[in-house]
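Undergrad:
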Amino acid sequence: MRYHFSEEEFKKNFKWKSLDEKSLDSCRIYHIPDQRFKLFPYKATGKAQSPIVTEMEDVIGEFIKIAMNVTTPDTDFDSIINKVIEETEIEEEDIQSLSNIIKIFFYKDDQFVANNIGMYVFKGDSDNKSVQRLAAFLNDVLRIDDVDKQAISTTMNSYSYNALEQLMADCIGTNKKSEESDNSSYFVVYEDASNKFKNDLHFMLKNELSSPQELSNLLALYYLYYTSQTCIALDHFGSGSRTNQTKLFFALDWEKVSANRECCRGGWKLLHENVNNIFCHAITLELLNQIDDTDMMVDYIKLSEMIKQSVIDDEKTAKEVENIEQFYIDAIGDYSDFNSIAFHQSNSSTDTAIQHLFECVKRQFLNTDRKRANEAYVEKLTEFYKHRWLKNRRKAGLVFNLTESDIIFLTKISIQNRDRIRLVDLFTEYEKRGIYLDHISKGLLQEFFTRLNLLDKKSDSGDAQYVKRIL
């Protein structure tokens, strides 16, 4: 097997221009991710063209519909009212009253609102492409499969509709989507999030924990977990891991923190540089996939594994990466300092070449007008973090944050159907989901459980303290 760069694919996907078409001192390509390698569901455009999604409740309907492979034809209020009138025997003088009731219970700002598992699939297809992309991304990277779809379907079918909900469901209906090709899927860089998400999702579906708030909490948690660990893995290139977890520390919403605390040093401060690199990684990975074999998709880790398994030759592959770099920098005529970028020896010649290619991509983004595209792409993720998971601690800066409602939710999905769990084991369950606390935060959380009368103390030893199940 051979990894081979395709100039034709590069020219087509990067919209390459010859010197007859554009001048030598101009940029003769367009940086477009997602042509051959889909990493994140973001566009390198401003908020007006590509809105930032910070509320995960907006994603639930699309997430469920993608999982169920359905679309909603029309939820326009006037259209639905007309269908309701056609489907029911109603006196003329009662139509307005029924319309008012439907508007109150099912519409907000002229948009259909789904408040339970039975109605999510009837929420209108979002006009926000960012929501659609994010929902598809989460379905792919969390690997929603037939077992998960069946669990969702079973829970939906067991929902007891009231008469008004049943009427709305009958009048709105859904359409089956045609099967989409696997080639459109997002590449799963970090694999450890999927099974944990599935376990929590199935528990929640079986235990009627499927309100918009609960499902949005679940999606927000695993959106954070997958993206943060993926950003870290990418910055390790071929040495990155699909399963090893980097610790990210959080603080409790009500506690005071100082800059020397683990929650400050080992939280957002640790992660934010990795996040700032994601657009450069998206472009680098796109470049690496401009190859002859259009059925193959590779990332840094996969190339490293293929070399270790002698599937591809290291020196020959490194040479192909160098060819990609040369073809790429030849097209970047408005930046001329690539020769100053040093090579850093890695665990293979290919990984060394990849890291140099990445630095070339990064250098020109940070030193040309294209830095705006980089910033626009990155803020799609950072704005979600800031809105949902970060708190400004003044002198300590931005710190990952857990509110009381976050703690209640995390504790529910950690204990699941057990009557109680040892406090030390509860902390371990948090950590499995990417949430780490230092000893000060753990002590304050213990006090929080005591105030809520959720802590059974057999002794002062951490091993002999139990947190009761939250109903």
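Residue numbers (our numbering): 24 to 494.
Every residue gets a Cβ at the ideal spot worked out from N, C-alpha and C, and that includes glycine.
Remember, predicted model here, so these are calculated numbers, not experimental data.
1) Taking DSSP as the reference, what is the three-state secondary structure of Q134?
2) Is the beta carbon of S369 closer than 8 Å to that of I330?
3) What's the gap between the Cα of F145 and the Cα of L187?
4) Can you give me the start and stop residues for the beta strand (DSSP E) that D315 sits inside?
5) So what's A274 in DSSP terms, helix, strand or just coil?
6) Nearest to I175 by alpha carbon, out of G290, D148, N139?
7) What three-state label does DSSP hand R474 in the structure shown?
8) Take every Cβ of the region 177–197, pair it with every Cβ of the region 107–126, and state whether three or more of those distances are shorter than 8 Å.
9) Between K435 and I493, how many whole angstroms is the CB-CB distance? I'm expecting something under 8 Å.
10) Okay, do the region 305–317 and the region 380–389 touch, 3+ Cβ pairs below 8 Å being the bar?
11) Given this structure, state the Cα-to-Cα distance separating E338 from D315, to the nearest angstrom.
12) Between the alpha carbons of I364 and F210, how many angstroms are there, rounded?
13) Keeping to the same chain, check which residues put their C-beta closer than 6 Å to that of Q439; ignore five residues upstream and five downstream.
14) Do you know how far the Cα of D318 is from the Cα of S204?
15) Per DSSP, what are the beta-bridge partners of I355 in this structure?
16) Let me know the alpha helix (DSSP H) ranges lying completely inside the region 48–92, each 4 residues or longer, listed in chain order.
17) What residue from D258, V93, C286, E115 has the CA that sits closest to K465's CA?
18) Does the region 266–277 come close enough to the region 286–300 to have 3 or more Cβ pairs within less than 8 Å?
19) On the DSSP letters alone, give me the boundaries of the alpha helix (DSSP H) that I167 sits inside.
20) For the alpha helix (DSSP H) that Y245 lies in, which residues bound it at each end?
21) Are the Cβ atoms of K172 and A90 separated by less than 8 Å?
22) Does H379 pass the burial test, meaning 16 or more other C-beta atoms within 10 Å, or should it be called exposed?
TA: According to the structure shown:
1) For the purposes of this step, residue 134 is taken as residue 111 along the sequence shown, with counting starting at 1. Note: Q134 maps to strand in three-state DSSP.
2) Working through the sequence shown from its first residue, we reach residue 330 at position 307. Working through the sequence shown from its first residue, we reach residue 369 at position 346. Contact flag unset, no.
3) As a working note, residue 145 is residue 122 in the sequence shown. As a working note, residue 187 is residue 164 in the sequence shown. If you take the alpha carbons of F145 and L187, they lie about 14 Å apart.
4) Start at 1 with the first residue of the sequence shown, and residue 315 comes out as number 292. Counted as a single uninterrupted DSSP element, the stretch harbouring D315 is not any beta strand (DSSP E), since DSSP gives it neither H nor E.
5) As a position in the sequence shown, residue 274 is number 251, starting the count at 1. Looking at A274 - three-state DSSP - the assignment turns out to be strand.
6) Here residue 175 is taken as the residue at index 152 of the sequence shown, counted from 1. That would be N139, whose Cα lies nearest to the Cα of I175.
7) Numbered from its first residue, the sequence shown carries residue 474 at position 451. Three-state DSSP puts R474 in a helix.
8) Output reads yes: the region 107–126 touches the region 177–197.
9) Start at 1 with the first residue of the sequence shown, and residue 435 comes out as number 412. Start at 1 with the first residue of the sequence shown, and residue 493 comes out as number 470. So it is a contact: roughly 5 Å between Cβ atoms.
10) yes
11) Locating residue 338 in the sequence shown gives position 315, where the first residue counts as 1. Locating residue 315 in the sequence shown gives position 292, where the first residue counts as 1. Those two C-alpha atoms are separated by around 18 Å.
12) Position 341 of the sequence shown, counting from 1, holds the residue named residue 364. Position 187 of the sequence shown, counting from 1, holds the residue named residue 210. Between I364 and F210, the C-alpha separation is close to 29 Å.
13) Indexing the sequence shown from 1 puts residue 439 at position 416. F226.
14) The count along the sequence shown starts at 1 and reaches residue 204 at position 181. The count along the sequence shown starts at 1 and reaches residue 318 at position 295. Residue placement at S204 is flagged as unreliable, the pLDDT there being 46, under the threshold of 50; the coordinate-derived value follows with that caveat. So the two alpha carbons sit approximately 12 Å from each other.
15) For the purposes of this step, residue 355 is taken as residue 332 along the sequence shown, with counting starting at 1. Paired residue(s): C50.
16) 80–91
17) For the purposes of this step, residue 465 is taken as the residue at position 442 of the sequence shown. Nearest option by C-alpha distance: C286.
18) yes
19) Taking the sequence shown and counting its residues from 1, the one referred to as residue 167 is at position 144. Where I167 is concerned, there is no enclosing alpha helix (DSSP H), given that its DSSP letter is neither H nor E.
20) To locate residue 245, count along the sequence shown from 1; it is residue 222. Residues 235–257.
21) Translated into the one-based positions of the sequence shown, residue 172 becomes position 149. Translated into the one-based positions of the sequence shown, residue 90 becomes position 67. Taking 8 Å as the Cβ cut-off, K172 and A90 qualify as a contacting pair.
22) Here residue 379 refers to the residue found at position 356 when the sequence shown is read from its first residue. Buried, by the Cβ-count rule.
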